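Working notes, structure below.
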Amino acid sequence: MRWNRLKYVIRSEYGQDGVYFISDGQTKQVLKAPDSPYSELFLSLLAESFDLNTPEIKAFCPENQQYEEIIRYIKPEIESINRNLRETQKQEEQKNEYERDFELIEKRTLNLDSSPTFFLMENLKGRSLRDITSKNLIDWYGTDEQLNGAGRKFFKDLGKLLVFDLLVRNVDRFIFWQLPGIGEVESALGNIGNIFIQDSTKELIVIDSLTDMNIEVVEYAEAVKEIFARTLNASPDNLIDRGQQTLELIGYEVKKNSQTLILEGVNEGINHLHNLTQADTLEQIKQESLRQLSQSEERKIDMLSQFIKKIVEYFSR
């Protein structure tokens, strides 16, 4: 990226936090400054260990050699976007409460002084499920009776992603109405904007993973174990149901062959959980996260690693 020759910096219309599309006319990248960079990077690396596709993420913090150059050129662009957003929000707040766009009002501006760590993502070319129709999926993958190779991989990856999201307690992608023993989960209505499909290969790309560790670990581990048991025993309210309900948000009906492939993916994901306890995968992910981020994040990264490790160990008993 030629930072001194930027052609455009555009903020995504979706999401409360800023995601910016950047181009110098030759190269395109996505910039994101998440609230918890240590968590998003760690979970992206963890998703890769499940053989799931993720964006090519590179973390930048003040210690990075190229950081000052990037900030010099990108910061004025983002500050200009912030000013325009604040003005638009001010106008929106003056409207009648029944006419207000509350999603717009709740958008947060990006302050690179208070949130200095950001990610650059390359080769992120595609669309989220929010911008995809049921017809698109059928055109790309075939009908349920005649799924092509890309379709078979999509539904298997969907199964692995369901296991991954349940493991890390990510309620911001699939529909998770309830978790056994815990009850209702806040904001668990399914954010299909975080189910992303690559343009060229039509493969599932894992973006915007998050976790909520504000819970008693053993209680949650028991809930995870129960949902896995429900899924493998084909009992009601299982992981396949969660995936099916999420795809129904765009009018897509998951039928027999798709359900079978999702279940295969779930089984692969569960097998990977057992492997996590026998290898040093979590430690390797922790060290790679620390390598890319500031060492000051070590305590937070270690807490996240231990949270996931305890759930996996409990499940594997």
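In terms of the UniProt record's numbering, the sequence shown opens at residue 1 and continues consecutively.
Even for Gly, the Cβ is constructed at its ideal location relative to N, Cα and C.
As the structure is a computational prediction, the values presented were derived from the model and not from experiment.
Backbone CA spacing between residue i and residue j [nearest angstrom]
{"i": "I70", "j": "E56", "result": "18 angstroms"}
{"i": "T27", "j": "D113", "result": "26 angstroms"}
{"i": "I301", "j": "L158", "result": "26 angstroms"}
{"i": "residue 318", "j": "I197", "result": "No information on residue 318 is available, as it lies outside the stretch 1 to 317 that the chain covers here."}
{"i": "E297", "j": "Y67", "result": "18 angstroms"}
{"i": "W3", "j": "K58", "result": "16 angstroms"}
{"i": "T211", "j": "L167", "result": "9 angstroms"}
{"i": "F174", "j": "I250", "result": "13 angstroms"}
{"i": "S44", "j": "S209", "result": "7 angstroms"}
{"i": "S187", "j": "F176", "result": "With a pLDDT of 48 at S187, under the threshold of 50, the modelled position of that residue is not reliable, and the figure given next carries that caveat. Cα-Cα distance, rounded: 9 angstroms."}
{"i": "A223", "j": "Q91", "result": "45 angstroms"}
{"i": "Q306", "j": "R100", "result": "43 angstroms"}
{"i": "A279", "j": "N271", "result": "13 angstroms"}
{"i": "T109", "j": "L204", "result": "29 angstroms"}
{"i": "L261", "j": "I308", "result": "26 angstroms"}
{"i": "L293", "j": "F228", "result": "34 angstroms"}
{"i": "D139", "j": "I192", "result": "19 angstroms"}
{"i": "N257", "j": "N148", "result": "11 angstroms"}
{"i": "E264", "j": "K156", "result": "6 angstroms"}
{"i": "N275", "j": "R11", "result": "40 angstroms"}
{"i": "S316", "j": "L232", "result": "15 angstroms"}
{"i": "E87", "j": "Q295", "result": "38 angstroms"}
{"i": "A234", "j": "Q259", "result": "11 angstroms"}
{"i": "Y20", "j": "R72", "result": "16 angstroms"}
{"i": "L137", "j": "P236", "result": "26 angstroms"}
{"i": "R230", "j": "R291", "result": "39 angstroms"}
{"i": "I215", "j": "R127", "result": "33 angstroms"}
{"i": "Y141", "j": "Q245", "result": "19 angstroms"}
Residue i - partner residues in DSSP beta bridges
{"i": "K32", "result": "V19 and F119"}
{"i": "S128", "result": "F196"}
{"i": "R11", "result": "Y20"}
{"i": "residue 382", "result": "Residue 382 cannot be examined here, being either before or after the span of the chain that is shown, 1 to 317."}
{"i": "L155", "result": "Correcting the residue identity first, residue 155 is Phe in this sequence and not Leu. Answer is none; F155 lacks a bridge partner."}
{"i": "N53", "result": "I205"}
{"i": "A59", "result": "F119"}
Beta-carbon proximity check, residue i vs residue j, cutoff 9 angstroms
{"i": "L31", "j": "M121", "result": "yes"}
{"i": "K153", "j": "S200", "result": "no"}
{"i": "I78", "j": "G18", "result": "yes"}
{"i": "F42", "j": "S289", "result": "yes"}
{"i": "F50", "j": "G243", "result": "no"}
{"i": "T143", "j": "A33", "result": "no"}
{"i": "I74", "j": "I22", "result": "yes"}
{"i": "V266", "j": "A47", "result": "no"}
{"i": "Q94", "j": "L104", "result": "no"}
{"i": "K225", "j": "A150", "result": "no"}
{"i": "Y252", "j": "R169", "result": "no"}
{"i": "L129", "j": "L247", "result": "yes"}
{"i": "E313", "j": "T281", "result": "no"}
{"i": "S115", "j": "D35", "result": "yes"}
Counted within 10 angstroms of its Cβ, other Cβ atoms place residue i as buried (16 or more) or exposed
{"i": "K135", "result": "exposed"}
{"i": "N84", "result": "exposed"}
{"i": "N194", "result": "buried"}
{"i": "E106", "result": "exposed"}
{"i": "S39", "result": "buried"}
{"i": "Y98", "result": "exposed"}
{"i": "F102", "result": "exposed"}
{"i": "Q65", "result": "exposed"}
{"i": "N238", "result": "buried"}
{"i": "T303", "result": "Residue 303 is actually Met in this sequence, not Thr. Exposed: under 16 other Cβ atoms inside 10 Å."}
{"i": "D165", "result": "buried"}
{"i": "K286", "result": "buried"}
{"i": "Q284", "result": "exposed"}
{"i": "Q29", "result": "buried"}
Cβ separation of residue i and residue j, assumed to be a contact under 8 angstroms, to the nearest whole Å
{"i": "V9", "j": "I81", "result": "7 angstroms"}
{"i": "F119", "j": "P62", "result": "F119 to P62, Cβ: 14 angstroms. No contact."}
{"i": "V171", "j": "I311", "result": "The Cβ separation is near 15 angstroms, so there is no contact."}
Proximity test, Cβ basis, 9 angstroms: residue i and chain B
{"i": "L210", "result": "This model lacks chain B altogether; it includes just one protein chain."}
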